[in-house]
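Engineer: Residue numbers for the sequence shown, in the numbering used here: 25 to 406. All residues carry an ideal CB built from backbone N, CA and C; glycine is no exception. Owing to the predicted nature of the structure, the values given are computational and were not obtained by experimental measurement. I'd like to ask some things about the structure below.
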Amino acid sequence: MMESASAASGHTVANGITRWTLADLFSTYRYWALFGSIFILEMGMQGLTSVLPWIMRDHGNSYQSIGLFSISNSSGWAIGAFLAFVAAPRRGRPALVFPIIVLMILTIVILVVPNLWSQPIYLCLYGMAQGSVRGVIVLAAAIFLFAGRPDKIDFGCALTLLSSTMLTGIFGATGLSLLTEADPSGIYVILCFLAFLVAALALLLPLRQPSFEDEPRQRHNPLTPRERSPVTVALILLLAPLLVVAISIALYLLQEQAADAGAATIDALLFSIAAFVIAIAGLIYLAWWIYRIHGELAGAEKSQRLLTPLAALLIAILVPLGLPILLMTLGDLLNDRGRKRRGTKLVSIVWLAIWTLLMPPIAIALIQNAANKSYQADQAAA
25 MMESASAASG HTVANGITRW TLADLFSTYR YWALFGSIFI LEMGMQGLTS
75 VLPWIMRDHG NSYQSIGLFS ISNSSGWAIG AFLAFVAAPR RGRPALVFPI
125 IVLMILTIVI LVVPNLWSQP IYLCLYGMAQ GSVRGVIVLA AAIFLFAGRP
175 DKIDFGCALT LLSSTMLTGI FGATGLSLLT EADPSGIYVI LCFLAFLVAA
225 LALLLPLRQP SFEDEPRQRH NPLTPRERSP VTVALILLLA PLLVVAISIA
275 LYLLQEQAAD AGAATIDALL FSIAAFVIAI AGLIYLAWWI YRIHGELAGA
325 EKSQRLLTPL AALLIAILVP LGLPILLMTL GDLLNDRGRK RRGTKLVSIV
375 WLAIWTLLMP PIAIALIQNA ANKSYQADQA AA
């Protein structure tokens, strides 16, 4: 009884336990709270770590003191790992929140007493606190995801998307370095870092249960399936970036050859506006296609492996690596439907992965072609 009911809702059941799909994870506040908090904390901590040597040097610290902070930061990972593996499975939210609160208190203290930067003991405490925050939230996130028992691909994609936020530290380093130039004492930098901590804490506090041990929420937002020409879809999505590149080249040549600076400025403005409008038009079409394909596949057959159209649109446009992960998920779903109805795959996962990395419009065309075949099989079966 349980297996049949879960099969109808699109879940995979093992030993009477419902598995979370990637779409289930993406459809929760829990996942995006973890995503957003890791994103914010990584920007803040990597940014602070990159400019901290300058601040400490201005307070008379030696290079040995800077090394002491780095060693303490690495040691903090051990504390974070302990909290993640021992405390997080039992007390998820306190395990995430407590290290951030400790780091916030230490940061406020350094604002009140800036001379503490020159104290080795305080540097050790601060470095360990920062390392524990970074360690606990990343490792605990993996534990929380695993509690939902997703399959290997869904777990890997969900964890990869969370891990991709660690690459955003370059933005924090750039921003905080500008603040350091404006205020070498580091007060602005510390205030900005404190704001990052507050923002991350605000995302995590509403979480009653960060772990994915409960039942996923049912969702179904179908749209009427409609076939489209894969070639047309690919050309529209390819045309926008190609036109932007062509306009940029023309703009560069125009500025190089222009004799009248005033006329060149006007022409450059017009070309820039044209490139911007074309880029926005291409982005709007991509968003529209993502929205439609998720709704149409749900209209063809209900599945918990599909995001709602609006959620898919936002992830594809706003989340790093969101579009590649969505395309690979759609390809896997369409292949399962093809095996069930036609006894064959509808798209090559290998080629889909290659085109997703090299030229996403071609990968989108492959998905559209597979969706067309799936709709045709549904009509033939009806």
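Once you ignore the five residues that flank tryptophan 44 on each side, which residues in its own chain have a CB closer than 7 Å to its CB?
Structural biologist: Along the sequence shown, one-based indexing puts residue 44 at 20. The residues are Gly172, Arg173, Pro174, Phe236, Pro240.
Engineer: Going straight from the alpha carbon of phenylalanine 59 to that of glutamine 392, what length do you get?
Structural biologist: As a working note, residue 59 is residue 35 in the sequence shown. As a working note, residue 392 is residue 368 in the sequence shown. Roughly 29 Å separates the two Cα atoms.
Engineer: At a cut of 8 Å, does the segment 338–346 reach the segment 373–389 through at least three beta carbon pairs?
Structural biologist: The segment 338–346 vs the segment 373–389: no contact.
Engineer: Consult DSSP for threonine 256 and reduce its assignment to one of helix, strand or coil.
Structural biologist: Reading the sequence shown from its first residue, position 232 is the one you call residue 256. Correct three-state label for threonine 256: helix.
Engineer: Counting along the chain, where does the alpha helix (DSSP H) carrying alanine 112 start and finish?
Structural biologist: Within the sequence shown, the letter at position 88 stands for residue 112. Careful: alanine 112 lies outside any alpha helix (DSSP H) and carries neither H nor E.
Engineer: Please list the terminal residues of the continuous alpha helix (DSSP H) segment that includes asparagine 359.
Structural biologist: As a working mapping, residue 359 is identified with position 335 in the sequence shown. Start and end: 346–365.
Engineer: Which of the three DSSP states is assigned to alanine 32 in this structure?
Structural biologist: As a working mapping, residue 32 is identified with position 8 in the sequence shown. Only weak support is given to the placement of alanine 32: the predicted model assigns it a pLDDT of 39, under 50, and the value that follows is read from those uncertain coordinates. Three-state result, alanine 32: helix.
Engineer: Going by other Cβ atoms of all chains shown within 10 Å of its Cβ, with 16 needed for buried, is lysine 364 buried or exposed?
Structural biologist: On the sequence shown, position 340 is the one that residue 364 refers to. Answer is exposed; the Cβ neighbour count stays below 16.
Engineer: Would a C-beta distance cut-off of 7 Å place serine 156 and glycine 71 closer than the cut-off?
Structural biologist: Within the sequence shown, numbered from 1, the residue matching residue 156 stands at position 132. Within the sequence shown, numbered from 1, the residue matching residue 71 stands at position 47. It is not a contact, given that the beta carbons lie outside the stated cut-off.
Engineer: From this set, Leu120, Leu127, Ile211, Val222, which residue's C-alpha is nearest asparagine 97's C-alpha?
Structural biologist: Position 73 of the sequence shown, counting from 1, holds the residue named residue 97. Answer by Cα proximity: Leu127.
Engineer: How about phenylalanine 217 and glycine 68: are their beta carbons less than 7 Å apart?
Structural biologist: Position 193 of the sequence shown, counting from 1, holds the residue named residue 217. Position 44 of the sequence shown, counting from 1, holds the residue named residue 68. Yes, they are a contact pair.
Engineer: Kindly indicate which three-state DSSP category phenylalanine 236 falls into: helix, strand or coil?
Structural biologist: To locate residue 236, count along the sequence shown from 1; it is residue 212. In this structure, phenylalanine 236 counts as coil in the three-state DSSP scheme.
Engineer: Leaving out five residues on either side along the sequence, give the residues of the same chain with a beta carbon under 6 Å from the beta carbon of alanine 47.
Structural biologist: Counted from its first residue, the sequence shown places residue 47 at position 23. Excluding residues within five positions, the ones whose Cβ falls inside 6 Å are Arg329, Leu330, Leu331.
Engineer: For isoleucine 90, collect the residues of the same chain with a Cβ closer than 7 Å to its Cβ; drop the 5 residues on either side in sequence, then sort them by chain order.
Structural biologist: By one-based count along the sequence shown, residue 90 stands at place 66. The answer, listed in chain order, is Pro77, Met80.
Engineer: May I ask you to verify whether the segment 261–271 touches the segment 291–305, counting CB pairs closer than 8 Å and requiring at least 3?
Structural biologist: Result yes; three or more Cβ-Cβ pairs closer than 8 Å.
Engineer: With 16 other CB atoms within 10 Å as the buried threshold, where does glycine 116 fall?
Structural biologist: In the sequence shown, residue 116 corresponds to position 92, counting from 1. Buried, since its Cβ has 16 or more Cβ neighbours within 10 Å.
Engineer: Just the C-alpha distance for lysine 326 and leucine 263, rounded to the nearest angstrom, thanks.
Structural biologist: What you label residue 326 is simply residue 302 of the sequence shown in a count that begins at 1. What you label residue 263 is simply residue 239 of the sequence shown in a count that begins at 1. C-alpha separation (whole angstroms): 33 Å.
Engineer: So what does DSSP say about lysine 397, is it helix, strand or coil?
Structural biologist: Residue mapping note: residue 397 aligns to position 373 of the sequence shown, counting from 1. Helix at lysine 397.
Engineer: Measuring only the C-alpha atoms, how far is leucine 163 from asparagine 396?
Structural biologist: The sequence position of residue 163 within the sequence shown is 139, counting from 1. The sequence position of residue 396 within the sequence shown is 372, counting from 1. Each residue's Cα considered, the two are about 41 Å apart.
Engineer: In angstroms with no decimal places, state the Cα-to-Cα distance between methionine 352 and valine 136.
Structural biologist: Locating residue 352 in the sequence shown gives position 328, where the first residue counts as 1. Locating residue 136 in the sequence shown gives position 112, where the first residue counts as 1. Distance between the alpha carbons of methionine 352 and valine 136 is about 51 Å.
Engineer: Give the C-beta separation of histidine 414 and alanine 311 to the nearest angstrom, bearing in mind that I take them to be a contact with Cβ-Cβ under 8 Å.
Structural biologist: Absent from the model: residue 414. The displayed extent of the chain is 25 to 406, so no value can be given.
Engineer: What separation, rounded to the nearest whole angstrom, lies between the Cα atoms of valine 160 and leucine 107?
Structural biologist: Here residue 160 refers to the residue found at position 136 of the sequence shown. Here residue 107 refers to the residue found at position 83 of the sequence shown. Looking at the two C-alpha atoms, the distance is approximately 6 Å.
Engineer: Sorted by chain position, which residues of the same chain lie with C-beta nearer than 8 Å to alanine 111's C-beta, five sequence neighbours on each side aside?
Structural biologist: For the purposes of this step, residue 111 is taken as the residue at position 87 of the sequence shown. Around alanine 111: Pro118, Ala119.
Engineer: Once DSSP output is grouped into helix, strand and coil, what is the label at serine 96?
Structural biologist: As a first step, residue 96 must be located in the sequence shown, where it is residue number 72. In the structure shown, serine 96 sits in a helix (DSSP, three-state: H, G or I).
Engineer: At what residues does the alpha helix (DSSP H) containing glycine 3 begin and finish?
Structural biologist: The question about residue 3 has no answer, for the chain in this structure spans 25 to 406.
Engineer: Decide if glutamine 154 is buried, meaning its Cβ has at least 16 other Cβ atoms within 10 Å, or exposed.
Structural biologist: Looking up residue 154 in the sequence shown gives position 130. Per the 10 Å Cβ criterion, buried.
Engineer: I'd like the list of long-range same chain contacts for isoleucine 167, defined as Cβ closer than 8 Å, with 5 residues on each side in sequence excluded.
Structural biologist: Position 143 of the sequence shown, counted from the first residue, corresponds to residue 167. Taken in chain order, the residues that qualify are Ala108, Phe109, Ala112, Pro113, Ser235.
Engineer: Are leucine 49 and alanine 224 close, meaning C-beta to C-beta below 7 Å?
Structural biologist: For the purposes of this step, residue 49 is taken as the residue at position 25 of the sequence shown. For the purposes of this step, residue 224 is taken as the residue at position 200 of the sequence shown. Taking 7 Å as the Cβ cut-off, leucine 49 and alanine 224 do not qualify as a contacting pair.
Engineer: So is tyrosine 315 buried or exposed if we call it buried at 16+ other beta carbons inside 10 Å?
Structural biologist: To locate residue 315, count along the sequence shown from 1; it is residue 291. The residue is buried, with at least 16 neighbouring Cβ atoms inside 10 Å.
Engineer: Looking only at its chain, what residues have a beta carbon closer than 6 Å to the beta carbon of leucine 130, apart from the 5 residues adjacent to it on each side?
Structural biologist: One-based indexing of the sequence shown puts residue 130 at position 106. Counting only Cβ-Cβ distances below 6 Å, and skipping sequence neighbours, we find Tyr150, Ala153.
Engineer: To the nearest whole angstrom, what separates the beta carbons of glycine 319 and proline 246, a pair I think is in contact under 8 Å?
Structural biologist: Mapped onto the sequence shown, residue 319 falls at position 295. Mapped onto the sequence shown, residue 246 falls at position 222. Contact holds; Cβ gap of about 6 Å.
Engineer: Under the three-state reduction of DSSP, which class applies to arginine 250: helix, strand or coil?
Structural biologist: Residue 250 sits at position 226 when you count from the first residue of the sequence shown. Arginine 250: coil per DSSP, three-state reduction.
Engineer: For the alpha helix (DSSP H) containing threonine 184, name the first residue and the last one.
Structural biologist: Start at 1 with the first residue of the sequence shown, and residue 184 comes out as number 160. Counting along the chain, the alpha helix (DSSP H) containing threonine 184 begins and ends at 176–188.
Engineer: Could you give the residue range of the alpha helix (DSSP H) that holds valine 371?
Structural biologist: Numbered from 1 along the sequence shown, position 347 holds the residue referred to as residue 371. Counting along the chain, valine 371 falls outside any alpha helix (DSSP H), and DSSP gives it neither H nor E.
Engineer: Output the residue ranges of the alpha helix (DSSP H) runs that lie fully inside the segment 306–342 and measure 4 residues or longer, sorted by chain position.
Structural biologist: As far as the segment 306–342 is concerned, its whole alpha helix (DSSP H) runs of at least 4 residues are 333–342.
Engineer: Please list the terminal residues of the continuous alpha helix (DSSP H) segment that includes alanine 108.
Structural biologist: For this step, residue 108 is matched to residue 84 along the sequence shown. Note, alanine 108: premise wrong, no alpha helix (DSSP H); not H, not E.
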